[in-house]
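> Okay, here's the structure, questions in a sec.
2 protein chains.
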Amino acid sequence: MIDETHDPDLRCWVESAAGHAEYPVQNLPLGIFAPAGGAPRPGIAIGDRILDLQAVAALLPDAPARALGGATLNPLFALPAADRRALRRRVSALLSDEGQRDVVEPALHRAADCTLHLPAAIGDYTDFYVGIHHATNVGRQFRPDNPLLPNYKWVPIGYHGRASSVRPSGEPVIRPRGQRKPPQADAPDYGPTRRLDYELELGVWIGRGNALGEPIPIAEAGEHIVGLSLLNDWSARDFQAWEYQPLGPFLAKNFHTSVSPWVVTAEALAPFRIAQPPRPDGDPAPLPYLADAADQARGALAIELEVHLSTAAMRAQGTPPHRLSRGPASNMYWTIAQIVAHHASNGCDLRPGDLLGTGTISAPTDDGLGSLLEISRGGTAPIALPGGETRSFLEDGDELILSAHAAAEGYVPIGFGECRARIAPARG
Amino acid sequence: MIDETHDPDLRCWVESAAGHAEYPVQNLPLGIFAPAGGAPRPGIAIGDRILDLQAVAALLPDAPARALGGATLNPLFALPAADRRALRRRVSALLSDEGQRDVVEPALHRAADCTLHLPAAIGDYTDFYVGIHHATNVGRQFRPDNPLLPNYKWVPIGYHGRASSVRPSGEPVIRPRGQRKPPQADAPDYGPTRRLDYELELGVWIGRGNALGEPIPIAEAGEHIVGLSLLNDWSARDFQAWEYQPLGPFLAKNFHTSVSPWVVTAEALAPFRIAQPPRPDGDPAPLPYLADAADQARGALAIELEVHLSTAAMRAQGTPPHRLSRGPASNMYWTIAQIVAHHASNGCDLRPGDLLGTGTISAPTDDGLGSLLEISRGGTAPIALPGGETRSFLEDGDELILSAHAAAEGYVPIGFGECRARIAPARG
Numbered sequence: 001m002i003d004e005t006h007d008p009d010l011r012c013w014v015e016s017a018a019g020h021a022e023y024p025v026q027n028l029p030l031g032i033f034a035p036a037g038g039a040p041r042p043g044i045a046i047g048d049r050i051l052d053l054q055a056v057a058a059l060l061p062d063a064p065a066r067a068l069g070g071a072t073l074n075p076l077f078a079l080p081a082a083d084r085r086a087l088r089r090r091v092s093a094l095l096s097d098e099g100q101r102d103v104v105e106p107a108l109h110r111a112a113d114c115t116l117h118l119p120a121a122i123g124d125y126t127d128f129y130v131g132i133h134h135a136t137n138v139g140r141q142f143r144p145d146n147p148l149l150p151n152y153k154w155v156p157i158g159y160h161g162r163a164s165s166v167r168p169s170g171e172p173v174i175r176p177r178g179q180r181k182p183p184q185a186d187a188p189d190y191g192p193t194r195r196l197d198y199e200l201e202l203g204v205w206i207g208r209g210n211a212l213g214e215p216i217p218i219a220e221a222g223e224h225i226v227g228l229s230l231l232n233d234w235s236a237r238d239f240q241a242w243e244y245q246p247l248g249p250f251l252a253k254n255f256h257t258s259v260s261p262w263v264v265t266a267e268a269l270a271p272f273r274i275a276q277p278p279r280p281d282g283d284p285a286p287l288p289y290l291a292d293a294a295d296q297a298r299g300a301l302a303i304e305l306e307v308h309l310s311t312a313a314m315r316a317q318g319t320p321p322h323r324l325s326r327g328p329a330s331n332m333y334w335t336i337a338q339i340v341a342h343h344a345s346n347g348c349d350l351r352p353g354d355l356l357g358t359g360t361i362s363a364p365t366d367d368g369l370g371s372l373l374e375i376s377r378g379g380t381a382p383i384a385l386p387g388g389e390t391r392s393f394l395e396d397g398d399e400l401i402l403s404a405h406a407a408a409e410g411y412v413p414i415g416f417g418e419c420r421a422r423i424a425p426a427r428g
Numbered sequence: 001m002i003d004e005t006h007d008p009d010l011r012c013w014v015e016s017a018a019g020h021a022e023y024p025v026q027n028l029p030l031g032i033f034a035p036a037g038g039a040p041r042p043g044i045a046i047g048d049r050i051l052d053l054q055a056v057a058a059l060l061p062d063a064p065a066r067a068l069g070g071a072t073l074n075p076l077f078a079l080p081a082a083d084r085r086a087l088r089r090r091v092s093a094l095l096s097d098e099g100q101r102d103v104v105e106p107a108l109h110r111a112a113d114c115t116l117h118l119p120a121a122i123g124d125y126t127d128f129y130v131g132i133h134h135a136t137n138v139g140r141q142f143r144p145d146n147p148l149l150p151n152y153k154w155v156p157i158g159y160h161g162r163a164s165s166v167r168p169s170g171e172p173v174i175r176p177r178g179q180r181k182p183p184q185a186d187a188p189d190y191g192p193t194r195r196l197d198y199e200l201e202l203g204v205w206i207g208r209g210n211a212l213g214e215p216i217p218i219a220e221a222g223e224h225i226v227g228l229s230l231l232n233d234w235s236a237r238d239f240q241a242w243e244y245q246p247l248g249p250f251l252a253k254n255f256h257t258s259v260s261p262w263v264v265t266a267e268a269l270a271p272f273r274i275a276q277p278p279r280p281d282g283d284p285a286p287l288p289y290l291a292d293a294a295d296q297a298r299g300a301l302a303i304e305l306e307v308h309l310s311t312a313a314m315r316a317q318g319t320p321p322h323r324l325s326r327g328p329a330s331n332m333y334w335t336i337a338q339i340v341a342h343h344a345s346n347g348c349d350l351r352p353g354d355l356l357g358t359g360t361i362s363a364p365t366d367d368g369l370g371s372l373l374e375i376s377r378g379g380t381a382p383i384a385l386p387g388g389e390t391r392s393f394l395e396d397g398d399e400l401i402l403s404a405h406a407a408a409e410g411y412v413p414i415g416f417g418e419c420r421a422r423i424a425p426a427r428g
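One line per chain: the protein sequences are A and B, in this order. Just so you know, we're using full-length UniProt numbering here: the first sequence kicks off at 1 and counts up by one. Just so you know, we're using full-length UniProt numbering here: the second sequence kicks off at 1 and counts up by one.
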């Protein structure tokens with residue numbers, strides 16, 4: 001629903017918000033931040049500031065104000081979507097009404113002085129596999145004869161990930177140890193991964209959720225989606241190739257997952273909804289529990305995703321990060337509503353604060369691949385970096401930066417901020 | 001460590017504890033119970049009574065007493081194992097000292113009047129696959145040419161399950177809907193599973209756990225294991241066959257997992273530890289991070305597992321439950337310490353209250369198979385039940401009962417209680 005909060009002419013009295021590439025007043029993403037020396041608390045990013053929602057609770061609608069007293073957003077996520085929309089409208093009004101400035105401005109903190117935390121306590125984290133070009137590219141490497149399995153166009157393939165090891169942007173990723181068995185070796189050994197990779201994904205934050213045994217109809221899925229973050233599904237490809245059959249990836253993935261700390265809400269994304277690209281001729285229609293005309297008409301998002309890499313040598317030389325890929329988020333075979341409806345279609349209960357990853361989003365073109373496994377063709381085609389280095393997989397000291405922006409004619413573009421992390425050497 | 005709490009001559013002043021098949025004074029399992037009309041709270045089962053630990057907090061050692069104030073056991077599980085051992089010794093003394101009876105007896109509740117809850121808030125639930133006979137039997141059905149994959153004897157295979165849908169014994173299992181595609185069908189459809197199954201497993205409750213990036217050495221794994229429950233990994237085999245490649249089981253499993261509510265502690269199980277059966281000739285030795293001589297010498301458990309089935313017709317006729325299987329828990333290719341060490345070997349952080357399933361434990365003989373998929377040979381060989389019914393998979397109204405007892409010469413046997421649930425029809 002597009003309303004006055006999306007008005008491109010809306011002016012915010014926070015000066016840095018005007019023309020801000022990430023957090024203009026039309027965005028208002030939700031997060032948990034701690035000011036220097038302070039406790040974690042709910043906030044909203046606006047320009048280069050963060051609004052402390054507890055400090056302005058008296059000015060907010062009752063239900064969200066009551067849900068914002070703690071150190072996570074789970075209670076807010078548990079509210080009906082209408083309450084979150086009411087919060088958005090009120091904050092938009094407070095930040096654009098010069099008459100409120102005296103009251104609200106003391107509740108602003110300089111973002112640069114704050115620490116950002118995970119927005120919610122994650123009950124369960126599930127990772128999907130909706131990037132069809134990624135699934136095809138990777139499938140070809142793991143199963144040359146059979147890249148896309150027969151179920152892919154019927155089932156939004158997903159698997160459970162590890163909630164405990166999800167971390168906000170900025171926390172270093174310790175190179176994991178594990179079982180490595182190169183194809184030519186007779187036996188595996190245990191040591192630091194030699195094929196450390198990233199995966200570019202969107203993260204979906206679940207709102208109210210459902211009771212055990214009660215599926216979420218596809219037409220209602222949107223009410224259960226609070227918003228999106230960027231997600232990096234760090235992967236150890238050598239562990240993965242050896243361990244993943246028959247029950248799927250496990251230690252290859254669960255050592256660390258990074259998310260960007262700001263939840264760009266479904267409401268903020270309303271102007272950027274576009275039609276789901278039509279399925280290629282010959283593909284089956286979604287089964288009825290996954291079919292919704294409204295979702296097909298506006299269930300995809302006009303979001304441009306980018307990945308940059310900065311090595312230790314590049315930083316020492318003052319070389320800016322090198323772009324590894326850029327591509328649209330519309331390269332998803334299933335919509336976000338479809339993965340939510342599918343997840344609950346057997347009665348599995350989703351809870352407020354649950355996190356779903358979309359799976360790696362790759363474009364069909366070489367400049368838009370979402371992992372080094374794809375970019376380097378399984379390590380056989382290292383890429384050249386500025387300064388003369390090459391990379392097949394990530395080295396210690398490498399820093400990965402995911403970013404994303406939504407844009408649409410007639411609206412102010414909004415951004416997701418960054419999902420950034422640096423590789424630390426294996427321990428011990 | 002075997003101490004005075006295991007003394008077979010220990011007498012308890014709770015009369016029903018003497019000779020109790022499940023909860024003699026040598027057991028003392030931990031759980032969360034609610035007396036009629038009361039709030040959930042920590043307790044210990046003793047005979048046909050439950051001891052309210054909050055009500056006797058003043059008599060308990062300080063650290064556990066402080067950890068027992070809430071409605072979950074997570075704070076207790078987070079303590080060093082030594083604190084749990086101190087709690088056990090004190091409760092054992094209180095229940096066997098006639099001089100304490102006047103003070104303690106008012107804190108006992110009749111178990112039959114209480115509701116049992118999950119013992120902990122489960123952060124993450126992981127399911128392993130250590131039952132080698134099960135893996136071989138099932139592998140043969142899904143991959144006739146390749147029942148046991150090359151990684152099985154190197155990697156304790158596991159995958160992440162769903163924490164939200166774990167429920168205590170007694171909660172009905174709603175038959176899930178999902179995508180079913182029989183081999184002969186051209187396309188899947190969506191409907192109630194036709195191949196609903198159980199899986200007999202042990203559940204492992206995690207104690208203190210580890211920080212992200214810091215593996216748990218195998219020799220220290222025992223300190224992170226609070227104890228065991230029974231676990232039923234309900235499975236929809238038709239969904240599973242269709243969805244599980246390439247990322248593993250998902251909706252085939254996550255609609256419901258049942259656990260028995262009492263945590264039989266590692267301390268209570270000390271007398272029942274036995275040597276891990278030697279690996280067959282030709283099998284590889286475990287890699288060093290999974291090898292521990294002490295664990296090989298006493299890392300398996302002398303536990304007998306049983307499964308019974310009761311149908312609606314059998315109950316109407318007054319027929320007792322029919323035993324589907326009986327077999328020893330030693331049919332595990334990897335020990336519990338090995339799965340804990342493996343899980344954390346890449347730095348994945350385990351947290352207090354996390355739950356690990358062992359995977360289905362089948363014996364090599366036909367009378368000890370841990371799932372109907374195995375017993376009915378994938379549905380091709382229905383079993384006969386008393387009263388003339390047959391079963392290939394579970395029907396609505398069927399009730400499954402898992403039970404287990406540990407026994408060893410010179411010690412009082414202890415039990416796990418039951419993990420019981422009935423199948424309810426699909427909704428809608």
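Virtual Cβ for every residue (Gly too), placed ideally from N, Cα, C.
1. Counting contacts by CB-CB distance shorter than 8 Å, is Ile174(B) in contact with chain A?
2. Would His109(B) count as contacting chain A if we go by Cβ distances under 8 Å?
3. Hey, quick one: how far does the beta strand (DSSP E) through Asn232(B) stretch, first residue to last?
4. At what residues does the alpha helix (DSSP H) containing Val259(A) begin and finish?
5. So the beta strand (DSSP E) Thr335(A) belongs to, where does it begin and stop?
6. Applying a beta-carbon distance threshold of less than 7 Å, which residues of chain B neighbour Trp154(A)?
7. Looking at the C-beta of Tyr129(B), does it have a partner C-beta in chain A at a distance below 8 Å?
8. Identify whether Ala424(A) lies in helix, strand or coil by the three-state DSSP scheme.
9. At a Cβ cut of 8 Å, what residues of the segment 203-214 of chain A count as close to chain B, listed as they run along the chain?
10. Between Arg427(B) and chain A, is the shortest Cβ-Cβ distance under 8 Å, so that the two count as touching?
11. For Val104(A), which residues from the same chain have a beta carbon less than 8 Å from its beta carbon, with the 5 sequence-adjacent residues on both sides left out?
12. What does a CB cutoff of less than 6 Å around Pro75(A) pick up in its chain, not counting 5 residues either side in sequence?
13. Taking CB distances under 8 Å as the criterion, tell me whether Arg279(A) reaches chain B.
14. Report buried or exposed for Pro386(B), applying the criterion of at least 16 other Cβ atoms within 10 angstroms of its Cβ.
15. Can you tell me where the alpha helix (DSSP H) holding Glu306(A) begins and where it ends?
16. Among all the DSSP beta bridges, which residues are the ones paired with His196(B)?
17. My understanding is that Pro168(A) touches Leu116(A), with C-beta atoms under 8 Å, so please give their C-beta distance in whole angstroms.
18. In three-state terms, what does DSSP make of Trp262(B)?
19. Taking Cβ-Cβ distances shorter than 8 Å, what residues in chain B pair up with Gly158(A)?
20. Going residue by residue through the UniProt domain "Fumarylacetoacetase N-terminal" (26-119) of chain B, where are the continuous alpha helix (DSSP H) segments of at least 4 residues, counting only ones entirely within it?
21. Tell me whether Gly178(B) sits in a helix, a strand or coil according to DSSP, three-state version.
22. Do Glu22(A) and the ligand GDP come close, with the Cβ less than 7 Å from some heavy atom?
23. Enumerated in chain order, which unbroken segments of the alpha helix (DSSP H) with a length of 4 residues or greater are wholly contained in the segment 356-406 of chain A?
24. Quick one: any contact between the segment 179-191 of chain B and the segment 229-239 of chain B, if contact means 3 or more CB pairs under 8 Å?
25. Name the one or two DSSP bridge partners that Ile414(A) has.
26. Taking the C-alpha atoms as reference points, what is the distance between Ala363(B) and His134(B)?
27. Short of 6 Å in beta carbon distance, which residues of its chain neighbour Gln141(A), apart from the five on each side in sequence? Order them along the chain.
28. Where does the unbroken beta strand (DSSP E) through Asp3(A) begin, and where does it stop?
29. Can you name the residues of chain A whose CB is closer than 8 Å to the CB of Ala408(B)?
30. So, Arg420(B) versus Glu399(B), is the Cβ gap smaller than 8 Å?
31. Does the segment 259-269 of chain B come into contact with the segment 118-129 of chain B, if we say contact requires no fewer than three beta-carbon pairs (one atom in each stretch) closer than 8 Å?
32. Using a C-beta cutoff of 8 Å, does Ser164(A) count as contacting chain B?
33. What residues from the segment 337-355 of chain B come within 8 Å of chain A, judged by C-beta to C-beta, listed N to C?
34. Taking only three categories from DSSP, how would you classify Ser325(A)?
35. Taking Cβ positions, are Ile2(B) and Tyr23(B) nearer each other than 8 Å?
36. Is it the case that the segment 78-88 of chain A contacts the segment 125-134 of chain A, given that we only count it when at least three CB pairs across the two stretches are under 8 Å?
Let's see:
1. yes
2. no
3. 225-232
4. Here Val259(A) belongs to no alpha helix (DSSP H); instead the beta strand (DSSP E) covers 257-259.
5. Where Thr335(A) is concerned, there is no enclosing beta strand (DSSP E), given that its DSSP letter is neither H nor E.
6. Gln179, Pro188
7. yes
8. strand
9. Leu212, Gly213, Glu214
10. yes
11. Leu51, Val56, Leu59, Leu94, Leu95
12. Ala67
13. no
14. exposed
15. Not the alpha helix (DSSP H): Glu306(A) falls in the beta strand (DSSP E), residues 303-310.
16. For the sequence presented, residue 196(B) should be read as Leu rather than His. Its beta-bridge partners are Ala236(B).
17. 6 Å
18. coil
19. Leu247, Phe250
20. 62-67, 74-77, 81-96, 101-104
21. strand
22. This structure lacks the ligand GDP; in fact it carries no ligand of any kind.
23. 372-375
24. yes
25. Ala406(A)
26. 8 Å
27. Gly378
28. From DSSP, Asp3(A) is part of no beta strand (DSSP E); its letter is neither H nor E.
29. Here the premise fails: no neighbours, minimum Cβ distance about 33 Å.
30. yes
31. yes
32. yes
33. His342, His343, Ser345, Asn346, Gly347, Cys348, Asp349, Leu350, Arg351, Asp354
34. strand
35. no
36. no
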